[in-house]
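Peer 1: Structure below; questions to follow.
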């Protein structure tokens with residue numbers, strides 16, 4: 001039996017094997033093709049700070065980016081697109097380009113730029129998996145990078161303000177979801193009864209949006225109005241991940257929630273400790289001695305005044 005290839009990627013949550021779009025694409029394709037991968041979940045540390053994920057670690061090389069990893073797996077005879085026609089192959093490339101151009105900017109904004117989602121979902125998740133003091137810096141840096149990428153690719157004239165850019169990217173993303181829903185129709189997968197690389201890419205883009213608990217989710221609400229896409233994601237999760245033990249079980253989710261709760265409680269305890277130290281400082285013996293000295297001085301002054309002849 002061949003030794004499983006090692007894939008470095010972000011870990012899972014929300015019932016997903018990974019919450020990271022690019023990692024999900026590779027993991028889904030590997031499942032579809034039968035490629036054995038040894039999953040190595042990473043966090044933000046000094047060693048992985050400049051690393052790229054997902055990364056397929058080979059004996060003599062490291063392959064990064066989903067497109068390159070998928071191409072490598074194809075060369076190793078893990079090819080789920082083998083039976084596609086030339087037209088279906090061209091459609092696959094066109095839809096993947098559509099996902100990158102129309103949907104990806106809105107996903108970046110939803111998770112990394114939208115203030116409510118970033119503060120309540122994205123930042124706490126990544127900060128809990130990043131050691132001190134990087135947890136105060138790296139999520140913020142990633143948020144700034146996401147905003148810069150959106151403005152760089154979508155902020156050309158006549159879209160001058162951030163409000164106009166946001167309206168445009170969400171409009172494009174909803175149009176993309178509509179096209180995907182229409183193309184999928186009532187089929188189980190995009191090209192029939194067997195998943196292909198297009199299904200892996202669509203799953204990677206849609207699954208985090210489908211499963212995350214977002215307080216601000218206009219794009220998520222639009223996805224919920226397209227039941228075929230929601231069913232598509234749920235079907236892949238149940239067929240290829242939960243049955244194989246890679247999905248986050250309820251017990252695993254409870255553990256994550258408990259860890260986040262402990263982190264919050266720790267921060268609150270530190271804040272309370274600082275307040276108590278401040279109160280103790282105000283009521284310390286040094287302060288009381290100073291007030292006592294002033295009182296004694298006043299008493300001596302009064303006695304001297306009463307004993308002085310009129």
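Residue numbers (full-length UniProt numbering): 1 to 310. Even glycine gets a Cβ: it sits at the ideal position worked out from N, Cα and C.
Please state whether the Cβ-Cβ distance between residue 209 and residue 150 is less than 9 Å.
Peer 2: It is not a contact, given that the beta carbons lie outside the stated cut-off.
Peer 1: Can you say whether residue 200 is buried or exposed, counting buried as having 16 or more other CB atoms within 10 angstroms of its CB?
Peer 2: Answer is buried; the Cβ neighbour count reaches 16.
Peer 1: Tell me whether residue 144 sits in a helix, a strand or coil according to DSSP, three-state version.
Peer 2: Residue state, collapsed to three classes: helix.
Peer 1: Do you know offhand how far residue 56's Cα is from residue 141's?
Peer 2: For residue 56 and residue 141, the distance between alpha carbons rounds to 25 Å.
Peer 1: Exposed or buried, which one is residue 171 when buried takes at least 16 other CB atoms within 10 Å?
Peer 2: With fewer than 16 other Cβ atoms within 10 Å, it is exposed.
Peer 1: DSSP three-state label for residue 70, please.
Peer 2: Helix.
Peer 1: Considering only residues of the stretch 110 to 168, which uninterrupted alpha helix (DSSP H) runs meet the minimum length of 4 residues and lie entirely inside it, listed in chain order?
Peer 2: If we require 4 residues or more, the alpha helix (DSSP H) runs fully inside the stretch 110 to 168 come out as 123 to 127, 138 to 154.
Peer 1: To the nearest angstrom, how far is the alpha carbon of residue 184 from that of residue 21?
Peer 2: Going from the Cα of residue 184 to the Cα of residue 21 covers about 20 Å.
Peer 1: Since residue 89 and residue 83 are thought to touch, with beta carbons under 8 Å apart, how far apart are those beta carbons, to the nearest angstrom?
Peer 2: No, residue 89 and residue 83 are not in contact; Cβ-Cβ is about 10 Å, not under 8 Å.
Peer 1: Taking the C-alpha atoms as reference points, what is the distance between residue 226 and residue 60?
Peer 2: One C-alpha to the other measures close to 44 Å.
Peer 1: Are the stretch 29 to 48 and the stretch 213 to 231 touching by the rule of at least three beta carbon pairs closer than 8 Å?
Peer 2: Short answer: they don't touch.
Peer 1: For residue 18, which of helix, strand or coil comes out of DSSP?
Peer 2: The answer is coil: DSSP assigns residue 18 none of H, G, I, E or B.
Peer 1: Quick test of your reading: residue 167 and residue 106, contact by CB under 8 Å. State the CB separation rounded to the nearest angstrom.
Peer 2: Wrong, their Cβ atoms sit about 11 Å apart, outside the cutoff.
Peer 1: With distances taken Cα to Cα, identify the nearest neighbour of residue 196 among 52, 91, 3, 112.
Peer 2: Here the closest residue by C-alpha is 91.
Peer 1: Less than 9 Å separating the beta-carbons of residue 44 and residue 212?
Peer 2: No, the Cβ-Cβ distance between residue 44 and residue 212 is not below 9 Å.
Peer 1: Go to residue 8, then tell me how far its beta strand (DSSP E) extends in each direction, as first and last residue.
Peer 2: Its beta strand (DSSP E) spans residues 5 to 10.
Peer 1: Leaving aside the five residues before and after residue 121 along the sequence, list all residues of the same chain whose C-beta is less than 8 Å from its C-beta, in chain order.
Peer 2: So the list reads 111, 212, 213, 214, 215, once near-sequence residues are dropped.
Peer 1: Nearest CA to the CA of residue 93: which residue from 70, 186, 10?
Peer 2: Nearest C-alpha to residue 93: 70.
Peer 1: Determine, using beta carbons only, whether residue 236 and residue 28 come nearer to each other than 9 Å.
Peer 2: A contact, by the Cβ cut-off of 9 Å.
Peer 1: Tell me, to the nearest whole angstrom, how far the beta carbon of residue 99 is from that of residue 26; I am working on the premise that it is less than 8 Å.
Peer 2: So it is not a contact: roughly 15 Å between Cβ atoms.
Peer 1: Could you check where the alpha helix (DSSP H) with residue 94 kicks off and where it finishes?
Peer 2: 86 to 98 is the extent of the alpha helix (DSSP H) around residue 94.
Peer 1: With a threshold of 7 Å on Cβ separation, who are the neighbours of residue 320 within its own chain once the five nearest residues in sequence on each side are excluded?
Peer 2: A question about residue 320 goes unanswered here, because the residues of the chain that appear run from 1 up to 310.
Peer 1: Kindly indicate which residue of 11, 18, 8 has the alpha-carbon position closest to the one of residue 205.
Peer 2: That would be 18, whose Cα lies nearest to the Cα of residue 205.
Peer 1: Give me the Cα-Cα distance between residue 139 and residue 219, rounded to the nearest whole angstrom.
Peer 2: If I take the Cα positions, the gap works out to 22 Å.
Peer 1: Around the Cβ of residue 193, are there at least 16 other Cβ atoms within 10 angstroms (buried) or fewer (exposed)?
Peer 2: It counts as exposed.
Peer 1: Give me the DSSP bridge partner(s) of residue 192.
Peer 2: Residue 192 pairs with 189.
Peer 1: For the putative contact between residue 7 and residue 37, defined by C-beta atoms under 8 Å, what is the C-beta separation to the nearest angstrom?
Peer 2: Correct: roughly 5 Å between the Cβ atoms.
Peer 1: According to DSSP, what are the bridge partners of residue 62?
Peer 2: Residue 62 pairs with 57.
Peer 1: Tell me the rounded alpha-carbon separation between residue 23 and residue 101.
Peer 2: In a straight line, the C-alpha of residue 23 is about 19 Å away from that of residue 101.
Peer 1: Please report how far the alpha carbon of residue 133 lies from the alpha carbon of residue 179, in whole angstroms.
Peer 2: Each residue's alpha carbon lies about 43 Å from the other.
Peer 1: Is the beta carbon of residue 198 closer than 9 Å to that of residue 95?
Peer 2: In contact: residue 95 and residue 198 (Cβ atoms closer than 9 Å).
Peer 1: Tell me which residue opens and which closes the beta strand (DSSP E) that residue 42 is part of.
Peer 2: Looking at the DSSP string, the run of the beta strand (DSSP E) that includes residue 42 is 37 to 42.
Peer 1: Mapping DSSP to helix, strand and coil, what is residue 83?
Peer 2: Of the three classes helix, strand and coil, the one that applies to residue 83 here is coil, per DSSP.
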